[in-house]
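Read through the structure below, which is laid out as C-alpha cells, and then see the notes.
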Amino acid sequence: MDTSKMISKEGVKQSIQDLIQAGTTFDIDALERIYHKNLQVITIDLDDNVSIADKAAFKGLFETKLKNGSKPLSTWAKFDHIQVNDHNAHVLISRKVNLAGDDQYLVLSIDLIFEDNRWQVTREVIFARPDSLLSK
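Our numbering runs 222 ahead of the 1-based position in the sequence shown.
Written as C-alpha cells, this is what we have:
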C-alpha cells in the first residue's frame, strides 16, 4: 500500500485490524512492529485501579499467553471513531475480549504515529466497562 493510502482512515483502520489479529493470536513479531518503542498502555479497571505498562511489559502479557498455549482471543471489535491528522491518528474502539483472565467489554483509546513507513501504536488507554455490555 502506498503512503497516501496508508495515511488515511482506511489505512489506520487496517493497522488496528492488524493489531487485533496479532494480539488475538499472540504474534509477538507482529506486535513488535506495530507497537512503537515508546509504547505506554494505561488500564483502568472497574474498581478504578490504574496500571501502566511499557512495550516490553505489555508484550510480555501476550508472550505468557503464547507460552501457556492459550486459545486465541476474540477478534470482536466495533470502531467508534477514527481521526487522522497528517502523521498522527487516534482510534476509539470497543472490544469484547479475555485479556487478563476474564471476559471483559473494553473501550480503547489508541494513539498512533506514522513512522518508518507504517502506523505504530504509541499509547493505549484501556477502560473496562460493566460485564452487562458483553451480551450486546
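C-beta: ideal position from N, C-alpha, C; glycine also.
**Request:** Specify, as a first and last residue, the run of the alpha helix (DSSP H) that residue 283 falls within.
**Result:** Residue range 277 to 289 is occupied by the alpha helix (DSSP H) that includes residue 283.
**Message:** Count Cβ pairs between the segment 327 to 346 and the segment 311 to 318 that sit closer than 8 Å; are there 3 or more?
**Reply:** yes
**Request:** Could you spell out the range, first to last residue, of the alpha helix (DSSP H) harbouring residue 240?
**Result:** 231 to 246
**Item:** Residues of its chain near residue 281, where Cβ-Cβ distance is below 8 Å and the 5 sequence neighbours each way are ignored
**Value:** So the qualifying residues of the chain are 250, 253, 254, 257.
**Request:** Go ahead and label residue 341 buried or exposed: buried means 16 or more other beta carbons lie within 10 angstroms of its beta carbon, across all protein chains shown.
**Result:** buried
**Message:** Less than 8 Å between the C-beta atoms of residue 345 and residue 236, yes or no?
**Reply:** No, the Cβ-Cβ distance between residue 345 and residue 236 is not below 8 Å.
**Request:** Taking 8 Å as the cut-off, decide whether the C-beta atoms of residue 246 and residue 297 are in contact.
**Result:** Contact flag set, yes.
**Request:** Compare the beta carbon distance of residue 348 and residue 234 with 8 Å and say whether it is the shorter of the two.
**Result:** no
**Request:** Closer than 8 Å by C-beta to residue 353: which residues in its own chain qualify, once you throw out the five before and the five after it? Chain order, please.
**Result:** 325, 326, 327
**Message:** Is it buried or exposed, residue 241, if we count other Cβ atoms within 10 angstroms and call 16 or more buried?
**Reply:** buried
**Alpha carbon of residue 213 to alpha carbon of residue 228, nearest angstrom** = Residue 213 cannot be examined here, being either before or after the span of the chain that is shown, 223 to 358.
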